[in-house]
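Protein chains in written order, with numbering that gives the first Met the number 0: chain L, 0 to 360; chain Y, 0 to 360.
2 protein chains.
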Amino acid sequence: MNISNQQMRFWSPEVRELEPYVPGEQPKIQNLLKLNTNENPYPPSPKVVAAVQAVLADGADALRLYPDPDASALKQAIATQQHVDASQVFVGNGSDEVLAHIFKAFFLQDQPILSPDISYSFYPVYSQFFGVNTKTVPLNEQFEVEVADYQQTNGGIIIANPNAPTSIALSLDKIEQLLQGNPDRVVVIDEAYVDFGAESAVALVNKYENLVVCQTTSKSRSLAGLRVGFAIAQPHLIAALEAVKNSFNSYPIDRFAIAAAVASFEDQAYFAEHCQKVIDCREQLVADLTSVGFKVLPSKANFIFATHPERDAGELATELRAQGIIVRYFNKPRINQYLRITVGTTEQNQRLVDTLKNQIL
Amino acid sequence: MNISNQQMRFWSPEVRELEPYVPGEQPKIQNLLKLNTNENPYPPSPKVVAAVQAVLADGADALRLYPDPDASALKQAIATQQHVDASQVFVGNGSDEVLAHIFKAFFLQDQPILSPDISYSFYPVYSQFFGVNTKTVPLNEQFEVEVADYQQTNGGIIIANPNAPTSIALSLDKIEQLLQGNPDRVVVIDEAYVDFGAESAVALVNKYENLVVCQTTSKSRSLAGLRVGFAIAQPHLIAALEAVKNSFNSYPIDRFAIAAAVASFEDQAYFAEHCQKVIDCREQLVADLTSVGFKVLPSKANFIFATHPERDAGELATELRAQGIIVRYFNKPRINQYLRITVGTTEQNQRLVDTLKNQIL
Chain L
0 MNISNQQMRF WSPEVRELEP YVPGEQPKIQ NLLKLNTNEN PYPPSPKVVA AVQAVLADGA
60 DALRLYPDPD ASALKQAIAT QQHVDASQVF VGNGSDEVLA HIFKAFFLQD QPILSPDISY
120 SFYPVYSQFF GVNTKTVPLN EQFEVEVADY QQTNGGIIIA NPNAPTSIAL SLDKIEQLLQ
180 GNPDRVVVID EAYVDFGAES AVALVNKYEN LVVCQTTSKS RSLAGLRVGF AIAQPHLIAA
240 LEAVKNSFNS YPIDRFAIAA AVASFEDQAY FAEHCQKVID CREQLVADLT SVGFKVLPSK
300 ANFIFATHPE RDAGELATEL RAQGIIVRYF NKPRINQYLR ITVGTTEQNQ RLVDTLKNQI
360 L
Chain Y
0 MNISNQQMRF WSPEVRELEP YVPGEQPKIQ NLLKLNTNEN PYPPSPKVVA AVQAVLADGA
60 DALRLYPDPD ASALKQAIAT QQHVDASQVF VGNGSDEVLA HIFKAFFLQD QPILSPDISY
120 SFYPVYSQFF GVNTKTVPLN EQFEVEVADY QQTNGGIIIA NPNAPTSIAL SLDKIEQLLQ
180 GNPDRVVVID EAYVDFGAES AVALVNKYEN LVVCQTTSKS RSLAGLRVGF AIAQPHLIAA
240 LEAVKNSFNS YPIDRFAIAA AVASFEDQAY FAEHCQKVID CREQLVADLT SVGFKVLPSK
300 ANFIFATHPE RDAGELATEL RAQGIIVRYF NKPRINQYLR ITVGTTEQNQ RLVDTLKNQI
360 L
């Protein structure tokens with residue numbers, strides 16, 4: 000909208016400069032194949048439905064009351080599943096809120112934080128929002144994180160693993176090098192996509208007092224509609240996140256979200272089975288796209304990052320859209336010849352491949 | 000917990016200084032009468048249950064997908080009920096999150112914002128969190144807002160109406176004086192409790208380009224467990240809130256919360272009937288407490304603020320607790336001889352009055 004200078008006087012000066020994050024679009028079109036926001040193609044655990052039904056008992060009388068501000072039951076369920084203590088768990092309204100609190104809690108330092116030049120595009124938005132000084136470190140030519148490049152003065156480090164939108168994972172060995180090389184700064188590993196084949200740094204939390212691992216229920220647990228993210232770290236770091244959260248919003252997680260997420264964490268068999276299904280679908284999709292000429296980066300996520308040597312990526316995205324298939328295209332330096340494609344079901348992936356083969360390529 | 004100086008080096012320096020908000024306790028004790036957090040004693044509209052059931056269809060398959068980041072359906076439902084345009088509505092994860100965004104969007108000015116000395120105790124927490132310079136303006140001897148006292152240089156004004164914990168309402172005439180006297184600053188009227196008998200400033204939104212009204216579904220709509228708050232203002236102010244929200248968290252309101260809140264706003268008859276029930280219970284409670292010697296401030300909220308000339312308020316709170324009844328006591332200057340008591344059902348209020356009469360006074 001158009002806002003006059005006269006009207007702009009009401010805004011805080013620093014807010015006039017913000018460049019907000021733009022999420023992947025959520026269009027409401029019939030028969031659309033939506034491979035643009037890395038949602039899971041399978042529904043959540045059936046136990047989620049039962050848990051929400053329980054909240055609705057007695058005419059949803061429970062909704063009268065505030066939820067537990069500490070979401071203790073949820074922290075305990077996460078702790079059990081992750082083999083940590085509940086005092087090592089922080090929860091928030093989606094991992095986006097958890098990441099926002101992380102920036103405020105740890106990254107307001109004199110030195111700039113370090114982050115890859117190609118990564119989750121919300122990171123620079125948080126930096127601007129909180130006034131965090133930030134320096135990007137280029138990925139290498141293969142789009143991999145070079146941990147040696149992070150051996151420089153910094154106010155903290157944040158790396159997505161697997162990285163987005165590249166899909167490439169970093170090994171725990173490399174993460175340990177980062178942690179050991181920066182003992183006085185917090186190193187954040189953002190593991191939104193870790194459950195699709197990468198190694199989780201949660202295994203390192205008890206060993207490193209400077210490690211924060213962030214995860215979400217939106218991808219591997221099929222709960223994007225619910226908004227539950229979490230961080231795992233030693234208690235002295237969790238305490239900083241709690242101080243920030245309790246200075247911002249006492250009750251960020253509602254009664255439905257707590258109940259549903261607890262049920263999801265308690266159904267480990269369903270979780271493991273469906274993560275493996277997505278991995279299997281991914282490997283088939285990579286093979287199929289390769290066979291029609293795409294070059295696909297090695298993915299440990301529920302999406303792939305692919306380029307076609309003979310076709311412009313932006314044009315491919317437009318042509319796919321005309322056929323009712325949406326993928327994500329970033330018109331940015333270094334990656335403007337790539338498409339980020341969410342892994343769908345076997346049938347969905349087949350539709351994508353057939354459409355490419357028969358109507359576009 | 001104890002955090003060593005060594006561990007504290009990881010925290011952002013400004014976060015080490017935060018003094019977070021402390022919400023009213025949520026104990027899990029059998030047969031407890033909880034009159035401490037101003038929750039509604041009646042369940043939400045039955046239509047809420049049906050709306051949530053609809054989200055659970057197909058094994059809750061809808062939860063796979065992110066919610067609408069703009070929550071357009073919810074904005075439209077609020078707009079219809081409030082007789083404004085959807086472009087004049089902002090929604091957030093409880094009115095606490097909406098208030099936090101308001102502080103960031105409008106109050107980072109050179110001059111201090113003004114707020115009553117006795118008011119919602121989250122306001123100074125937001126100020127510290129965002130670095131907002133704040134000046135408190137004393138309520139008069141009757142605990143009323145004196146609008147003439149706000150005629151001084153400021154960076155914005157925030158007033159709760161009815162005020163909390165005093166329960167006293169300000170008339171729209173007085174609010175218009177505030178708006179007219181501060182044409183270059185945003186005036187925020189926080190109406191968490193307005194539906195229990197006060198006049199809403201939403202009626203003034205089209206007339207004043209500097210007015211922001213904040214409301215919640217937690218009290219009058221019995222949806223504290225859900226976390227949905229909203230602000231109403233002209234579109235040039237809503238745009239500032241959207242810029243802040245989209246720099247912090249794209250999807251703050253989950254699918255259950257959107258569906259349930261929409262259903263609540265669409266059931267105006269249930270809403271009106273149950274607000275009146277609470278008002279009727281309040282008037283009976285005030286009469287009963289007055290008859291056992293309390294002095295009760297004139298309340299337009301779903302709570303009352305009461306003092307007993309012969310009994311120490313802190314001691315009364317302790318004695319009530321020993322009888323399984325929790326009320327809120329603030330050990331703060333000017334109000335440390337008052338109790339804030341949530342209005343319950345007829346039966347709950349009777350238990351409170353009987354306990355006071357027969358076992359404490």
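Where a beta carbon is used, it is the ideal one built from N, C-alpha and C, also for glycine.
Asked, Found
"Which of the three DSSP states, helix, strand or coil, is assigned to Q150/Y?", "coil"
"By a C-beta neighbour count over all protein chains shown, 10 Å radius and 16 as the cutoff for buried, is R220/L buried or exposed?", "buried"
"Got a sec: is the Cβ-Cβ distance from F255/Y to anything in chain L below 9 angstroms?", "yes"
"CB G228/L to CB P66/Y, shorter than 9 angstroms?", "no"
"Measuring CA to CA, which of V261/L, V204/L, N160/L, K46/L is closest to A72/L?", "V261/L"
"9 angstroms is my cut-off, CB to CB: does L236/L come that close to chain Y?", "yes"
"Quick check: is the beta carbon of L169/Y nearer than 9 angstroms to any beta carbon in chain L?", "no"
"Between which two residues does the alpha helix (DSSP H) containing V261/L stretch?", "254 to 265"
"In chain L, what lies closer than 9 angstroms to T341/Y by C-beta?", "Those within 9 angstroms of T341/Y in chain L number zero; the least Cβ separation is about 11 angstroms."
"Between which two residues does the beta strand (DSSP E) carrying P115/Y extend?", "112 to 115"
"How big is the Cα-Cα spacing for G155/Y and Y149/Y?", "10 angstroms"
"Check whether the Cβ atoms of I447/Y and L351/Y lie closer than 9 angstroms to each other.", "This structure cannot speak to residue 447/Y, because chain Y is shown only from 0 to 360."
"Can you name, in chain order, every residue of its own chain whose Cβ lies under 6 angstroms from the Cβ of A85/L, other than the five neighbours on each side?", "K74, Q75, A78"
"Report the residues of the region 35 to 48 of chain Y with a CB closer than 8 angstroms to any CB of chain L, ordered along the chain.", "T36, E38, N39, P40, Y41, P42, P43, P45, V47, V48"
"Are the C-beta of Y192/L and some C-beta of chain Y separated by less than 9 angstroms?", "no"
"Note the first and the last residue of the continuous beta strand (DSSP E) segment covering D183/Y.", "Careful: D183/Y lies outside any beta strand (DSSP E) and carries neither H nor E."
"I'd like to know whether the C-beta atoms of Q37/Y and N248/L end up nearer to each other than 9 angstroms.", "The question names Gln, yet the displayed sequence has Asn at residue 37/Y. No; because the gap between Cβ atoms is not below 9 angstroms, this pair is not in contact."
"Any residues in the region 55 to 68 of chain Y with a beta carbon nearer than 8 angstroms to a beta carbon of chain L? Which ones, in chain order?", "L55, D57, G58, A59, D60, A61, L62, R63, L64, Y65, P66, D67, P68"
"Less than 9 angstroms between the beta carbons of D189/Y and S94/Y, yes or no?", "yes"
"Decide if N139/Y is buried, meaning its Cβ has at least 16 other Cβ atoms within 10 Å, or exposed.", "exposed"
"Would you please state the rounded distance, in angstroms, between the beta carbons of A230/Y and F89/Y? I believe it to be under 8 angstroms.", "4 angstroms"
"Any chance you could list the alpha helix (DSSP H) runs of at least 4 consecutive residues sitting entirely within the region 24 to 62 of chain Y, in chain order?", "45 to 54, 56 to 59"
"Can you check the region 222 to 247 of chain L for any beta strand (DSSP E) of at least 3 residues that lies completely inside it and give the ranges in chain order?", "228 to 232"
"Identify the contact partners of Q25/L in chain Y, using a Cβ-Cβ distance below 8 angstroms as the criterion.", "L64, Y65, D67, P68"
"By Cβ distance below 6 angstroms, which residues in the same chain neighbour G23/L in space, the five residues on each side in sequence not counted?", "N35, T36, R327"
"What does F247/Y touch in chain L if you count any residue whose Cβ is under 7 angstroms from its own?", "A99, F128"
"For chain L, is any of its Cβ atoms less than 9 angstroms away from the one on G224/Y?", "yes"
"What does a CB cutoff of less than 6 angstroms around F121/L pick up in its chain, not counting 5 residues either side in sequence?", "Y20"
"Considering Cα atoms alone, identify which of E16/L, T289/L, A300/L is closest to H307/L.", "T289/L"
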